[in-house]
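The next block holds one structure in the form of structure tokens; read it before the comments.
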Amino acid sequence: MDKLIDLLFGFALLLVILTVATDPFTSVHLTLAFLFLIAIAFNQYDYRRNTGISPMLSLQVGLTFALGTILIVLVVGGLGFRTLEVVAVFVILLAFVLARDDLPRVLPTMAPYLAAFAVVFLVFLHHSREFGAGSGTGLFPVLAGIVLALNLFAIPRYVSVDAVYWSTTLLASATALLGLAALWIGEYSFWLFEVRTWTASTSLPLSDREFPVIRSIFGNPNTFGVLLFPGTVAAYVLSHRTIRSRHVFAAVPVLAFLVLALALYFSNSRASMLGAAVAIAVYTLAAADRRLLPVALAGVALGVPIGLTLVYLSILPIDPANRFELWRASVEAVRAEGSLLGDGIISTREAIEPYITEDIGAFTSHNSYLSVFIRAGILGGLAYAVLVLGPLVQSLVQFERVDSGMVALATGFAVHQLFEGYTLFQFGPGSVLGALALGYVIASLAGVESPSDSMAETSAETGAPSSEGFSYGTDMAYRTEGRDGRR
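Residue 118 in UniProt numbering is what sits at position 118 of the sequence shown, and the numbering runs on without skipping anything.
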């Protein structure tokens with residue numbers, strides 16, 4: 001039955017991609033799919049732990065039903081009591097997150113991140129009151145809040161982490177193959193998708209031949225890159241772990257890694273390349289010796305600002321693509337507004353346009369953290385920083401407890417968000433997978449066990465690295481993370 005939950009997660013992740021890449025699927029469908037997934041997971045977990053229907057399962061299912069009901073009510077226009085509707089959503093979702101039988105054990109670790117999420121969620125709900133309940137803008141915080149809460153605090157408890165790696169690898173590889181095919185056969189249509197190339201071009205090293213930049217089924221190469229980056233990292237982690245465990249399908253992630261790395265290069269998404277490189281470097285060091293994980297995280301924390309400074313001073317010959325001007329304008333907008341709660345659910349272009357001093361054409365803040373500061377103010381921005389960076393800081397100290405692959409992926413996303421405008425409070429692949437990575441880190445810090453699978457069982461026998469099937473922080477955790485003999 002655990003396999004059913006993992007399979008349903010794969011379908012949910014597919015729906016994330018379809019929501020971004022096609023018109024028929026919307027964020028409402030995505031949110032309902034995630035609620036369906038977690039309802040099935042609640043039932044299976046209770047079946048394993050208890051005989052019969054436990055009071056906790058009744059509460060969890062009831063709260064899931066309440067969330068689904070209020071969502072449907074809002075979609076059709078609400079009841080006309082906007083503030084009451086907003087308060088109901090906030091209270092029910094927090095109750096949903098807190099309804100778990102291990103709450104006394106996990107709450108001390110989870111509390112600061114739950115509080116940070118609650119602040120961000122509440123600020124966006126506050127801004128949504130000025131819009132109609134059934135409008136896209138009015139629904140956005142409700143849908144985004146539900147999906148983010150599930151990814152941070154619920155799904156990591158019920159879906160095996162290897163299922164996340166495999167689903168991400170396979171789905172990203174499929175989009176990569178669709179995109180790479182356009183290099184040979186040109187633009188084409190496939191099922192619901194329009195596979196197109198971008199207007200820019202790139203070339204291979206040591207070659208003068210120009211190739212069009214690919215964007216596969218997505219609107220632009222950067223959106224494509226936001227999926228390729230975690231896909232590449234997931235394939236790398238799986239390649240290492242399956243080879244070490246002599247898994248029968250070890251060749252699959254290796255081939256997927258090569259395909260994804262090639263597609264990432266031809267997408268020309270430099271921020272995604274950087275995010276993937278950072279994550280792979282962190283994982284490689286941690287896999288060599290778990291004690292190097294804090295060193296890797298500290299290196300990223302120091303290396304990124306140093307690298308940005310060198311680019312700003314033109315010491316590193318890298319075109320910043322107007323990022324520094326956009327960031328300066330964003331900071332000016334936040335300082336000028338000086339608002340505790342921000343400008344609301346707006347395009348960041350509206351906020352920073354008065355402070356742009358150069359003719360740079362179309363623009364946004366191109367920085368996730370600054371975009372939250374603009375929309376959710378100082379309060380929401382600081383809470384978002386705690387949510388994204390806090391688990392990584394805690395991993396510096398409690399590095400023995402965490403899954404190295406998910407810490408590496410979360411670190412890559414933390415860096416990636418410096419250069420792109422999406423946030424975890426949205427619905428795209430980057431938002432969902434970035435939140436999931438943090439969710440698994442938080443769960444491991446709290447000592448929550450992920451469901452075991454056959455790969456974990458094999459690893460437990462051979463001592464090869466795997467990401468689950470053990471209690472975080474135990475000797476088995478060392479063995480499954482490749483620390484036999486404390487090398």
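Using N, Cα and C, we set each Cβ at its ideal position, and we do this for glycine too.
query, result
"For residue 268, which residues in the same chain have their Cβ closer than 7 Å to its Cβ, ignoring the five residues on either side in sequence?", "200, 202, 213, 221"
"Measure the alpha-carbon distance for residue 261 versus residue 232 and round it to whole angstroms.", "6 Å"
"Where does residue 212 sit, in a helix, a strand or coil, going by DSSP?", "strand"
"Just the Cα atoms here: how many angstroms apart are residue 440 and residue 292?", "20 Å"
"Using CA coordinates, which residue listed in 4, 301, 147 is at the minimum distance from residue 67?", "147"
"Are the beta-carbon atoms of residue 393 and residue 275 separated by less than 7 Å?", "no"
"What three-state label does DSSP hand residue 198 in the structure shown?", "strand"
"Rounded to the nearest angstrom, what separates residue 255 and residue 244 at their Cα positions?", "16 Å"
"In whole angstroms, give me the CA-to-CA distance for residue 167 and residue 447.", "24 Å"
"If we ignore side chains and look at the alpha-carbon of each, how far apart do residue 224 and residue 195 end up?", "11 Å"
"Am I right that residue 42 and residue 28 are in contact with their C-beta atoms under 8 Å? What's the rounded C-beta distance?", "Residue 42 to residue 28, Cβ: 21 Å. No contact."
"Please return the same chain residues whose Cβ sits closer than 8 Å to the Cβ of residue 453, not counting the five positions on each side in sequence.", "Note that residue 453 scores a pLDDT of 39, beneath 50, so its modelled location is shaky and nothing firm can be said."
"How is the beta strand (DSSP E) around residue 189 delimited, first residue to last?", "188–190"
"Quick one, which of 234, 326, 181, 279 has its alpha-carbon nearest residue 266's?", "181"
"In the DSSP assignment, what are the bridge partners of residue 140?", "Looking at the DSSP assignment, residue 140 forms no beta bridge with any residue, so it has no partner."
"Consult DSSP for residue 193 and reduce its assignment to one of helix, strand or coil.", "strand"
"Can you tell me which of 172, 155, 57, 271 puts its alpha carbon nearest to the alpha carbon of residue 8?", "155"
"Count the other CB atoms, across all protein chains shown, that sit within 10 Å of the CB of residue 280; report buried if there are 16 or more and exposed otherwise.", "buried"
"Mind pulling the alpha helix (DSSP H) runs of 4 or more residues that sit fully within the region 27–63?", "27–49"
"Can you tell me whether DSSP reads residue 207 as helix, strand or coil?", "coil"
"Can you tell me whether DSSP reads residue 112 as helix, strand or coil?", "helix"
"Hey, how far is the Cα of residue 413 from the Cα of residue 430?", "8 Å"
"Do residue 421 and residue 364 have their C-beta atoms within less than 7 Å of each other?", "yes"
"Between the Cα of residue 402 and those of 132, 309, 283, spot the shortest distance and give me the residue it belongs to.", "283"
"Alpha carbon to alpha carbon, how far is residue 127 from residue 351?", "15 Å"
"Tell me which residue opens and which closes the alpha helix (DSSP H) that residue 4 is part of.", "2–21"
"Below 7 Å CB to CB, which residues in the same chain sit around residue 522 once its five sequence neighbours on both sides are set aside?", "Because residue 522 is not part of the residues shown, which for the chain are 1 to 487, the question remains open."
"Taking residue 411 as part of the alpha helix (DSSP H), name the residues at either end of that continuous run.", "404–416"
"Rounded to whole angstroms, what is the Cα-Cα separation between residue 171 and residue 234?", "11 Å"
"So, at 8 Å on beta carbons, what are the nonlocal neighbours of residue 53 in its own chain, with the 5 sequence-adjacent residues on each side left out?", "46"
"For residue 483, which residues of its own chain have a beta-carbon under 8 Å away from its beta-carbon, when the five flanking residues on both sides are left out?", "With a pLDDT of only 31 at residue 483, under the threshold of 50, the placement of this residue in the model should not be trusted; the figure read from the coordinates follows. Contacts found: 289, 290."
"Taking 7 Å as the cut-off, decide whether the C-beta atoms of residue 310 and residue 316 are in contact.", "yes"
"Quick test of your reading: residue 11 and residue 18, contact by CB under 8 Å. State the CB separation rounded to the nearest angstrom.", "In fact, because the Cβ distance is near 10 Å, the residues do not count as touching under 8 Å."
"Can you give me the Cβ contacts of residue 345 inside the same chain, cut-off strictly under 6 Å, excluding the 5 residues immediately before and after it?", "127, 137"
"Along the alpha helix (DSSP H) that carries residue 375, what are the first and last residues, could you check?", "368–397"
"For residue 69, which option in 143, 419, 326, 125 has the closest C-alpha, if you only look at C-alpha atoms?", "143"
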